[in-house]
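These notes are about the structure you will find just below.
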Amino acid sequence: MTNPVTSLVIFGIVVFLLFLIFYPKNGIYWRVKRSLEDDTKTLIEDILKKLYHAEDNGNNLNSNDIINSLNSNPKKVLETIAEMKNKELISFENGDIRLNELGMDYALRIIRVHRLWEKYLSEKTGFDKKDWHEIAEKMEHQIDSNQAKELAIDLGNPRFDPHGDPIPTETGEIEPINGKPLPAFSEGTIGRIIHIEDEPEIIYKQILAEDLHIGSHVHIIENNKKRIIFHSEGEEFILAPIVANNLTISELQKEDISEEAIFRLSNLKENEQAKIIGISRECRGETRRRLLDLGFVINTKIEVDLISPMRNPRAYLVRDTSIAIRNEQAKFILIEKIKNHAKSNI
Amino acid sequence: MKTNKILNTSNDLRWQIGEGFHDKLTEGIYSDAATIAQNSVQKKGDEKRFRFDRSLDKIVTSKIWGFPIMILILSVVLWLTIIGANYPSGLLADLLIGTVYPWLKSIGESLGFSWWLSGFLFDGVYLALAWVIAVMLPPMAIFFPLFTLLEDFGYLPRVAFNLDHLLKKSGAHGKQALTMSMGFGCNAAGVIATRIIDSPRERLIAIITNNFSLCNGRWPTQILIASIFIGALVPENFAGAVSTLAVISIALLGIFFTFMVSLFLSKTMLKGEVSSFTLELPPYRPPRFWKTIYTSLIDRTLIVLWRACVFAAPAGAVIWLISNIAIGDSNIANWLIVHLDGFGLLLGLNGVILLAYIVAIPANEIVIPTILMLTVMTASITGVGSGDGVMFELESVSATGDILKAGGWTLLTAINLMLFSLLHNPCSTTIYTIYKETKSIKWTTVASILPIILGFIVCFIVAQVWRIMV
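From first to last, the protein sequence lines are chains A and B. Under this note's numbering, the residues of the first sequence are numbered 957 to 1302, in order. Under this note's numbering, the residues of the second sequence are numbered -15 to 454, in order.
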């Protein structure tokens, strides 16, 4: 029989090797696979996107800016830029690179696929929010316009992606966003979050950790260079300006404002009664449909029925039925508390 | 041209109705339904009944009583099943193996069957069937009706409600607590029971990990091996308690693996599957006793038993054939055992055990009889058993122990067998059921391969560490 120590060591080595080879993203297997793929197309498309976003923000980029912003070999990037000029996707203007009409169309097509795919991920799969961008970054290089068309039809021709960005149409039209970054508003403004930027990742993760939702109303309490404080759905949020800058807000007209009595269902206490006023736009796909089907619809009376031993999930009484949902989902259901405790017959 | 126009109009309209369309539609349906209901439904004074429900709910989901009540009920159900099944199982075994089997053999003889035909039919096919029925039917006929009664009463959704927070930590659904408990009865039934989980990702998790619930077919193996090898380590007074403890530890280890594997799956392979949690807590109802007994017998017990029989019959044939067909100067079984022995010993098991688990894929119930038969055959023990390819079990636990020890078993073999019995591929009935439920070869393969890989790794590490330490 083999020596137990030897066999354990061999076993350990095998496990370690497998780990090295198949470790997600950076394993040897994935690296080899990536290096075998032709990445010129990917690089062209990435440069086009950079140029599009820069022009959209009114900035100009030169070759150096592009090299610095991409994580690729500089020589390769320069070669690719030259190739793009040959294909008449771009042209040079005082050293800056500008998109030609052809390049603009191409860039919009890529952005369309990216946003459609994010929409798809949010509606039809269970991938976590923070994974959407990365997956879409890969898929945008793999889907052609026919597949994109099918995808769009399948999703019901959506106009916005889950972050609130408009999705360009097939013909390259794109709706403008009518909003400004949060720090641009003065104290006392009431507005609605219409867009959450998902890049850079570090800031996006902070926003996700704060659990801010698209479509939420915000009431700005304090706005200075150090911090921005605002109220939303019964909770107080404190953000650094650099983080708040990635939230786009559209100011609400006075008649649209339903004051601050909007709460999340997760804030409802025992013995309180409330009325549902809607489900947050962050709640999507299957989960949203199930909640609607179970009767979590506007104007429905709701109260806490039971609390499980570990305080999560809680069961709510909706239309005479006791339905348990997790607090993570209850956060998406917006309510208005009913003040007087006179129990009405439901 | 006209169709194009219509399509264009529909596309335009789609553009205009906006994103909240589905919400508005549902709202519309609900408000219409509410109006209709208000005009036509009259309510009786249901208030009292409702209050009883609520006070019961307050107790079974309370911080103090919620968990003890659950554990108590599950223990009672398992205890009733394991203890209560002994007697009818013994009766069935006496009838099918003690009486009918010799009778069939003698009929075969009087009809002039050749030894191989009678061996194939009666020692192989019939014996495997008889074994599966005798060991499987009674516990299932007790467990499933009890479980269905609890379900019918409305208690089970409360269990899911209580446990959801714990299960959520491993990415699973509260209702998995129910399918896990069901798995203690039978994994195939547990897999069918996952239909109650309406979220695709959590349902797949529940299906794939159900095998880690120690099923009825494996409890007897665990109890037998624990009482022979582990109970013997301590003074006789404590033997019973210690071996019971060992079996319970294995079951708990199974729950531990359920959590770990659930977590692993939800973070890797199943990341992209849709996940949503909602749970209705229906009002309590007095269970409809006879109807429940009838449906649980038909729907769960008989269907599972039928599937098991369909798979057990050919397995019996295979067991008999490999022990009786010779290659060169030894039979197939011996040849396989010799070749599997090296790998088996590396895992702290042996070739006999591996071969038994291969041929006994159809039903865990026939593992021990097969191991005994193969051990007697390879160790050339005389005076027990009834010949090559004829499965048997002994009344006396110590005599069984003597055979196993003569086959080279040590305490390590026993412990690893108990581990391997927990961590190996699901029986073929379960595999088939998983395929029926998921309709996916991929997930069926994962569910079949994953546990056995875990079993190999765990047994291997235990064996090496044991050899270094002891």
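Glycine is no exception: its CB is placed at the ideal position from the N, C-alpha and C atoms. This structure is a prediction, so every number in the text was calculated from the model and none was measured.
Cutoff 8 Å: residue i Cβ touching any chain B Cβ
{"i": "Q1285(A)", "result": "yes"}
{"i": "N1253(A)", "result": "Correcting the residue identity first, residue 1253(A) is Val in this sequence and not Asn. At least one chain B Cβ lies under 8 Å of V1253(A)."}
{"i": "D1249(A)", "result": "yes"}
{"i": "A996(A)", "result": "The question names Ala, but residue 996(A) is Thr in the sequence shown. Cβ-Cβ to chain B under 8 Å: no for T996(A)."}
{"i": "R1246(A)", "result": "yes"}
{"i": "G968(A)", "result": "no"}
{"i": "L1058(A)", "result": "no"}
{"i": "K1299(A)", "result": "Interpretation of K1299(A) is limited by its pLDDT of 47, a score under 50 that renders its predicted location unreliable; the figure taken from the coordinates is listed afterwards. No, its Cβ sits nowhere closer than 8 Å to a Cβ of chain B."}
{"i": "G1082(A)", "result": "yes"}
{"i": "G983(A)", "result": "no"}
{"i": "S963(A)", "result": "yes"}
{"i": "E1242(A)", "result": "yes"}
{"i": "P1139(A)", "result": "no"}
{"i": "I1152(A)", "result": "no"}
is_contact[residue i, chain A] using C-beta, thresh 8 Å
{"i": "D457(B)", "result": "Because chain B spans -15 through 454 in this model, residue 457(B) falls outside it and cannot be assessed."}
{"i": "T45(B)", "result": "yes"}
{"i": "Y14(B)", "result": "yes"}
{"i": "K152(B)", "result": "yes"}
{"i": "G391(B)", "result": "no"}
{"i": "N146(B)", "result": "yes"}
{"i": "H149(B)", "result": "yes"}
{"i": "H6(B)", "result": "yes"}
{"i": "C443(B)", "result": "no"}
{"i": "Q448(B)", "result": "yes"}
{"i": "T10(B)", "result": "yes"}
{"i": "I452(B)", "result": "yes"}
{"i": "D41(B)", "result": "yes"}
Residue environment, residue i, which counts as buried when at least 16 other CB atoms sit within 10 Å
{"i": "N1020(A)", "result": "exposed"}
{"i": "P1132(A)", "result": "exposed"}
{"i": "K460(B)", "result": "Coverage of chain B is limited to positions -15 through 454, which leaves residue 460(B) absent and any answer about it impossible."}
{"i": "L146(B)", "result": "Sequence inspection shows Asn at residue 146(B); the Leu mentioned does not correspond to that position. It counts as buried."}
{"i": "A340(B)", "result": "buried"}
{"i": "I1302(A)", "result": "At I1302(A) the pLDDT is 42, less than 50, meaning the model places this residue with poor confidence and gives no usable figure here."}
{"i": "R1237(A)", "result": "buried"}
{"i": "K981(A)", "result": "exposed"}
{"i": "M120(B)", "result": "buried"}
{"i": "S197(B)", "result": "buried"}
{"i": "S1025(A)", "result": "exposed"}
{"i": "P938(A)", "result": "This structure does not reach residue 938(A), given that chain A is present from 957 up to 1302, and the question cannot be answered."}
{"i": "E1096(A)", "result": "buried"}
{"i": "P266(B)", "result": "exposed"}
{"i": "A1038(A)", "result": "exposed"}
{"i": "R1244(A)", "result": "buried"}
{"i": "Q1285(A)", "result": "buried"}
Pick from the options that is closest to residue i, judged by C-alpha positions
{"i": "Q1229(A)", "options": "V1274(A), N1268(A), N1202(A), R1267(A)", "result": "V1274(A)"}
{"i": "W450(B)", "options": "E11(B), I316(B), A398(B), P410(B)", "result": "A398(B)"}
{"i": "E1207(A)", "options": "I1170(A), S1101(A), R1148(A), T962(A)", "result": "R1148(A)"}
{"i": "W49(B)", "options": "V322(B), C199(B), R142(B)", "result": "R142(B)"}
{"i": "Y85(B)", "options": "S432(B), L113(B), K389(B)", "result": "L113(B)"}
{"i": "G371(B)", "options": "I91(B), W100(B), N(-8)(B)", "result": "W100(B)"}
{"i": "D325(B)", "options": "V360(B), S260(B), G392(B)", "result": "G392(B)"}
{"i": "M1060(A)", "options": "K1094(A), I1176(A), S1222(A), Y1008(A)", "result": "Y1008(A)"}
{"i": "I192(B)", "options": "V245(B), I67(B), G138(B), T279(B)", "result": "V245(B)"}
{"i": "L263(B)", "options": "N1227(A), K1041(A), A1104(A), P1269(A)", "result": "P1269(A)"}
Check: residue i C-beta below 7 Å from any heavy atom of the ligand ADP
{"i": "P267(B)", "result": "For the ligand ADP, the structure offers nothing, since it holds no ligand at all."}
What are the residues in the stretch 1262 to 1283 of chain A lying within 7 Å of chain B by C-beta distance? L1262, S1264, P1265, M1266, N1268, P1269, A1271, T1277, S1278, I1279, A1280, I1281, R1282
Can you pull out the residues from the stretch -15 to -4 of chain B whose beta carbon lies closer than 8 Å to at least one beta carbon of chain A? N(-5)
Please name the residues in the stretch 1165 to 1192 of chain A whose beta-carbon is closer than 9 Å to at least one beta-carbon of chain B, in chain order. none
What are the uninterrupted segments assigned as beta strand (DSSP E) that are 3 or more residues long and contained completely in the stretch 1154 to 1227 of chain A, given in chain order? 1173 to 1179, 1184 to 1188, 1191 to 1195, 1203 to 1207, 1218 to 1220
Which residues, taken in chain order from the stretch 1109 to 1134 of chain A, show a beta carbon closer than 8 Å to some beta carbon of chain B? G1112, N1113, P1114, R1115, F1116
Taking a Cβ distance cut-off of 9 Å, strictly less, list which residues of the stretch 50 to 64 of chain B are near chain A, in chain order. G50, F51
Taking only beta carbons into account, state which residues of the stretch 232 to 260 of chain B come closer than 7 Å to chain A, listed in chain order. K255, G256, E257, V258, S259, S260
Give me the subset of the stretch 306 to 334 of chain B whose CB atoms are less than 8 Å from a CB atom of chain A, sorted by chain position. L329, L330
Can you pull out the residues from the stretch 259 to 283 of chain B whose beta carbon lies closer than 7 Å to at least one beta carbon of chain A? S259, S260, F261, T262, L263, E264, L265
What are the uninterrupted segments assigned as alpha helix (DSSP H) that are 4 or more residues long and contained completely in the stretch 384 to 447 of chain B, given in chain order? 395 to 406, 412 to 422
Residues, ordered as in the chain, of the stretch 161 to 187 of chain B that lie near chain A by beta-carbon distance below 9 Å: D182, S183, P184, R185
Closer than 7 Å, Cβ to Cβ, to anything on chain B: give me those residues from the stretch 1012 to 1035 of chain A, in chain order. none
Alpha helix (DSSP H) segments (min. 4 residues) lying fully within the stretch 297 to 331 of chain B: 316 to 330
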